[in-house]
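Residue numbers (this note's numbering): 5 to 76. So the structure is just underneath, and the comments pick up after that.
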């Protein structure tokens with residue numbers, strides 16, 4: 005998860021999730037650098053056979069990842 009300089013509780017919520025799930029890592033910047041920077045930072049820091057990007061706006065739920073990655 006990339007927290008690109010948020011000023012709300014995003015960082016604290018992300019940290020709480022990461023403590024309970026070793027698959028989740030939080031990257032944080034102090035100042036906002038924009039969506040492109042956040043996406044690039046997250047993708048470059050990611051590891052694994054499959055890397056998936058999603059916005060926090062709920063366009064699809066994390067539970068939908070299997071269905072999305074199976075799409076032709």
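We treat Cβ as the ideally placed atom computed from N, Cα and C, and that holds for glycine.
- Query: Opposite residue 8 in the DSSP bridges: which residues?
  - Reply: 33
- Task: Look at the alpha carbon of residue 5 and the alpha carbon of residue 76, and state the distance between them as a whole number of angstroms.
- Result: 26 Å
- Euclidean distance between Cα positions of residue 68 and residue 57: 12 Å
- At least three beta-carbon pairs within less than 8 Å, the stretch 7-17 to the stretch 25-38: yes
- Who are the near neighbours of residue 18 in its chain, counting only those whose CB is closer than 7 Å to its CB and skipping five residues on each side? 5, 7 and 30
- Message: Rounding to the nearest angstrom, what Cα-Cα distance links residue 64 and residue 73 in this structure?
- Response: 12 Å
- Message: Let me check understanding here. Comparing Cα to Cα, which of 62, 60, 54 and 59 lies closest to residue 70?
- Response: 54
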